[in-house]
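First the structure, in the form of structure tokens, and then the observations on it.
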């Protein structure tokens, strides 16, 4: 991106006219070189080097510019003119850039810039262009110096453009209907001779009722992976803040009706079948449809340990009978405590698999009296194993594409799950050039 910005600014650089006069014994021939414009910029890939405590140095060697322009002469009442082609070779540029934190956004500024111009070759066309040949060396030096003086301002404008782009990157990003992601920097980048590190407070918020979760983030250190270009890590806090944001938004709930139950299920939502587990249903509300409001009663929490992802899901299920007119009659509430364990990996996509560790049901409240929940618990465990987990694992087996940077793709990616965080180590490839 930076090289594209630099080339764009160099191509749009305005080069001033060159004026002068040559004494030819019988008078002075006045000349002007005008309308000079950069028509081609050949720039090899820049060399980037981390500079500890500052940022990054950008060095470009053997940059070449092709310039077109017009020439004109006047000797008394005699006028002549034509065009010329100018090639500037072996331009060397060195720029030192400082990386900093500006109100939570990454900031980049130019600290130092120098430029040297190598060879200049000029070809004049049309009119009495042969007149200029003895003076090409004088033109070359003057034009070479003008171009050299224009390079660093063009670099500065390219960096300002890049800085403007960085400042336009939002630190609060809507993620679907219910939540948003906040990703401000917490400090200036830590730059060493080998890498630079960004510390970001990644946290999800409810879009309708944003608030801080009842848990805090813990400090964690990501191991340095010298064989990869990029390392990205996320703590348990980031994932759990998303769960809390969904809970605060009221998104972690669903109304379950009988038409949503698979036909092959051994039990359906009606008082006749549920009467086998709750006997009083058959006498109090015979032959009625039922409906269940299933919701998270507290924030589902993720925890990461070596190679393992654990999920604890506290939930509740409110059961109601449905009268013929559609009115709901509250029956009872079951409190659900579920825990799952799984793993994740990166093939071409991010994939994973989960299994049920434990599921318990207890009677939270009842409008129809007490009853035992042992058999219902067994049925719930069976339903999760037979219907819920197979669908979940099928989706996780297919996987999800890794997020990418615009114009780049991630290759050779590896996933590491450690105590308190998960990290991805990867190389980055230009999607157009494959480099």
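Residue numbers (our numbering): 258 to 692. For each residue, glycine too, the CB sits at the ideal point set by N, CA and C.
Residue range of the unbroken beta strand (DSSP E) whose run includes residue i
i	result
residue 300	Element bounds for residue 300: n/a, residue is neither H nor E.
residue 601	585-603
residue 269	That residue, residue 269, is in no beta strand (DSSP E); it is neither H nor E in DSSP.
residue 608	607-623
residue 669	665-675
Bounding residues of the alpha helix (DSSP H) (the contiguous stretch that carries residue i)
i	result
residue 498	493-505
residue 639	631-640
residue 434	Counting along the chain, residue 434 falls outside any alpha helix (DSSP H), and DSSP gives it neither H nor E.
Strand pairing of residue i, partner residues [DSSP]
i	result
residue 454	447
residue 370	352
residue 465	DSSP output for residue 465 lists no bridge partner at all.
residue 472	DSSP, once it has assigned bridges, lists no residue as partnering residue 472.
residue 377	345
residue 525	DSSP lists no partner for residue 525.
residue 330	288, 337
residue 312	308, 355
residue 410	Looking at the DSSP assignment, residue 410 forms no beta bridge with any residue, so it has no partner.
residue 429	439
residue 678	492, 675
residue 547	578
residue 570	595
residue 323	297, 344
residue 364	357
residue 460	439
Environment of residue i [buried if 16+ CB atoms lie within 10 Å]
i	result
residue 316	exposed
residue 460	buried
residue 360	exposed
residue 264	buried
residue 334	exposed
residue 549	buried
residue 306	exposed
residue 326	buried
residue 579	buried
residue 269	exposed
residue 679	buried
residue 546	buried
residue 577	buried
residue 383	exposed
residue 435	buried
residue 481	exposed
residue 682	buried
Which of helix, strand or coil DSSP assigns to residue i
i	result
residue 684	strand
residue 223	This structure gives no information on residue 223, because the portion of the chain shown stretches from 258 to 692.
residue 517	helix
residue 660	coil
residue 417	helix
residue 342	strand
residue 643	helix
residue 539	helix
residue 274	coil
residue 578	strand
residue 422	helix
residue 563	coil
residue 554	coil
residue 337	strand
residue 282	coil
residue 509	coil
residue 317	strand
residue 263	helix
residue 652	helix
residue 531	helix
The ligand COA heavy atom lying under 7 Å from the CB of residue i
i	result
residue 525	No copy of the ligand COA occurs in the structure displayed, which carries no ligand at all.
TODO: Could you tell me whether the segment 424-432 touches the segment 271-290, using the rule of 3 or more Cβ pairs below 8 Å?
DONE: At 8 Å Cβ cutoff, the stretches do not touch.
Task: Stretch pair the segment 485-495 + the segment 524-536: three plus CB contacts closer than 8 Å - done: Between the segment 485-495 and the segment 524-536 there are fewer than three C-beta pairs closer than 8 Å, too few to call the two in contact.
Open item on the list: Closer than 8 Å is the cut-off here; do at least three beta carbon pairs connect the segment 569-576 with the segment 550-557?
Closed with: Yes, the segment 569-576 is in contact with the segment 550-557.
Open item on the list: Does the structure place the segment 402-410 close enough to the segment 433-440 that three or more beta carbon pairs sit under 8 Å?
Closed with: Below 8 Å, too few C-beta pairs join the segment 433-440 and the segment 402-410 to call them touching: fewer than three.
TODO: Inspect the CB distances between the segment 451-458 and the segment 538-547 and report whether three or more fall short of 8 Å.
DONE: Judged by Cβ distances under 8 Å, the segment 451-458 makes no contact with the segment 538-547, as fewer than three pairs qualify.
Open item on the list: Would the segment 464-476 count as touching the segment 663-675 if we require 3 or more Cβ pairs under 8 Å?
Closed with: Pairwise C-beta distances place the segment 464-476 out of contact with the segment 663-675, as fewer than three of them are shorter than 8 Å.
Task: Three CB pairs or more closer than 8 Å across the segment 360-377 and the segment 342-351 - done: Touching, yes.
Open item on the list: Any contact between the segment 640-649 and the segment 609-626? By contact I mean 3 or more CB pairs, one from each, below 8 Å.
Closed with: Enough Cβ pairs lie closer than 8 Å, so yes.
Open item on the list: Check whether the segment 644-657 and the segment 596-610 touch, using three or more Cβ-Cβ pairs below 8 Å as the test.
Closed with: As far as the Cβ criterion goes, the segment 644-657 touches the segment 596-610, which means the pair count is three or higher.
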